[in-house]
Amino acid sequence: MRVRLKGINTVRRKLADGTIRTHHYHRATGTKLPGEPGSAEFLAAFEAAGRTAALARSAGTVAWLIRQYQASRAWTKKLSETTRENAQFDVRACEAKWGTTPLKIVENPRSRPGFLRWHEQLAEAHPRAADMKLSRLATIFAWGVDQGHLAHNPIATFERAYRSDRSERIWMPEHVAAFAAAATPEIWLAMMLALHTGQRQGDLLTLSWSAWDGHAITLRQGKSRRLVFVPATRALKAALDAAPRRATTILVAVRGAPWRKRRFHEVWSETFAAARITEDLHFHDLRGTAVTMLAEAGCTVPEIATITGHSQAHAQKILDRYLARTRSLAESAIAKLDDHRRNRVGLQTDLQTA
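Read in full-length UniProt numbering, the sequence shown has 202 at position 202, and its numbers run on one by one without any break.
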């Protein structure tokens, strides 16, 4: 089926020998379109000319700045493919709301209240999503300032609506044991890798067997781009040595194919529910758990950060939270012991006086 494209000028010229030559041009830009109408070459040139026209029409606006940002290294090279995919949703929302806004208005400090009101409106229903959208827009504006497109970033700082600190969320031994009892071998290997390496889920799902040399795992983290070297514990080495190599990736689904992120999340959630763990624990909390395990093994904060890829400050924060939690558990245990002893003494007194 042939698709009729709008915005094309067709020009026919008669050559000296009497033949007729037909040329096609993109109407808005005057760009000559190569190839025959409907061919891949023709369609690619038409789309490229359309993007050029759209960019020209939006010059000097937020939409134009977004296009410039997404064509830069800050977007194409410094962000992983997964991060770009997730961020694209927020970028579209920002463009839908602010795309036609001139940059001259944006860089005026008095524009700040308008952006903050939009953030507050979004936060009424979805505080975390509101933070992500305004944070993405702030990043684009900051890039614009660095490139000289903007003189001022009106939302360089803002108060976030969503507050959640999961640094105190730790998988305790009883949680791991319950999960292990409900897990398939494929899911249990994912747990082992996360628990003994402290790496993110995205990096582990794509981790290839070539990263494992029989003694340690070497990988470049997708988010931070840090190259980390993780010597294997005896337990992890035993698990990897016993694992069948059914694909290029270490972690695979039941049928042997690499995990799809959504499917892994579904199976992990089903396993967690089957384990009947009452605490609110996520896969990502295993990174913090790994930090505490390394600390209990005698590792220093710099050594821990080298393995997990955390900043030293964040690793220390996790440990501080963990120590506070274990102290409270210890105090609770002693209190229960004291109650038990008092009850026992009281019972013996009652028996003696009876």
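Glycine included, each C-beta is placed from N, C-alpha and C at the ideal position. Fair warning: this is a prediction, and the values are worked out from it, not measured in the lab.
Could you check where the beta strand (DSSP E) with residue i kicks off and where it finishes?
i	result
residue 8	8-14
residue 228	227-231
residue 253	Here residue 253 belongs to no beta strand (DSSP E), and DSSP marks it neither H nor E.
residue 21	20-26
residue 219	216-220
Since residue i contacts residue j with CB under 8 Å, what's their CB separation in whole angstroms?
i	j	result
residue 195	residue 290	6 Å
residue 232	residue 240	7 Å
residue 189	residue 286	Not a contact, Cβ separation roughly 13 Å.
residue 98	residue 62	5 Å
residue 271	residue 187	5 Å
residue 219	residue 236	Not quite, the Cβ-Cβ distance comes to about 14 Å (not below 8 Å), so this is no contact.
residue 309	residue 226	5 Å
residue 319	residue 261	30 Å between Cβ atoms; not a contact.
residue 221	residue 228	6 Å
residue 109	residue 152	6 Å
If we call anything under 7 Å between Cβ atoms a contact, is residue i one with residue j?
i	j	result
residue 155	residue 115	yes
residue 136	residue 96	no
residue 178	residue 307	no
residue 119	residue 134	yes
residue 34	residue 45	yes
residue 85	residue 150	no
Run the proximity test for residue i: is its beta-carbon closer than 6 Å to any non-hydrogen atom belonging to the ligand GDP?
i	result
residue 183	Looking for the ligand GDP in the displayed structure turns up nothing, as the structure carries no ligands at all.
Alpha carbon to alpha carbon, how far is residue j from residue i? Give it in angstroms, no decimals.
i	j	result
residue 89	residue 70	13 Å
residue 20	residue 10	12 Å
residue 81	residue 202	11 Å
residue 266	residue 182	14 Å
residue 8	residue 24	7 Å
residue 161	residue 255	42 Å
residue 223	residue 301	21 Å
residue 157	residue 83	22 Å
residue 280	residue 79	30 Å
residue 147	residue 139	12 Å
residue 215	residue 242	14 Å
residue 328	residue 112	Because the pLDDT of residue 328 is 46, which lies under 50, any placement of that residue in the model is unreliable, and the question is left without a value.
residue 248	residue 163	39 Å
residue 16	residue 40	31 Å
residue 75	residue 68	10 Å
residue 212	residue 125	45 Å
residue 297	residue 259	32 Å
residue 355	residue 32	No answer is possible for residue 355: it lies beyond the span of the chain, which begins at 1 and ends at 354.
residue 321	residue 210	36 Å
residue 92	residue 198	33 Å
residue 37	residue 30	16 Å
residue 304	residue 105	46 Å
residue 159	residue 245	48 Å
residue 274	residue 141	46 Å
residue 333	residue 293	Caution applies to residue 333, whose pLDDT of 49 falls short of 50 and renders its modelled position unreliable; the model cannot decide the point.
residue 72	residue 180	45 Å
residue 330	residue 311	Confidence in residue 330 is poor, its pLDDT being 46 and thus under 50, which makes the residue's placement unreliable; the coordinate value appears in the next sentence. When rounded, the distance between both Cα atoms is 29 Å.
I'd like the span of the alpha helix (DSSP H) that includes residue i, first residue to last.
i	result
residue 59	Premise fails: residue 59 is in no alpha helix (DSSP H) and is neither H nor E.
residue 289	285-296
residue 94	81-98
residue 279	Run containing residue 279: none; DSSP gives neither H nor E here.
residue 242	234-242
residue 203	201-205
residue 75	73-76
residue 36	Premise fails: residue 36 is in no alpha helix (DSSP H) and is neither H nor E.
residue 101	Taken as a continuous stretch (DSSP letters only), residue 101 belongs to no alpha helix (DSSP H), as it is neither H nor E.
residue 362	The structure shown does not extend to residue 362, since the chain is modelled only from 1 to 354, so the question has no answer here.
7 Å is my cut-off, CB to CB: does residue i come that close to chain D?
i	result
residue 243	Checking the listed chains, one finds no chain D in this structure; it contains a single protein chain.
Inside the stretch 157-193 only - alpha helix (DSSP H) runs reaching at least 4 residues
Taking only runs of at least 4 residues, the alpha helix (DSSP H) segments lying wholly in the stretch 157-193 are 173-182.
Could you give the uninterrupted runs of the beta strand (DSSP E) lying entirely in the stretch 114-147, keeping only those of 3 residues or more?
Within the stretch 114-147, no complete beta strand (DSSP E) run reaches 3 residues.
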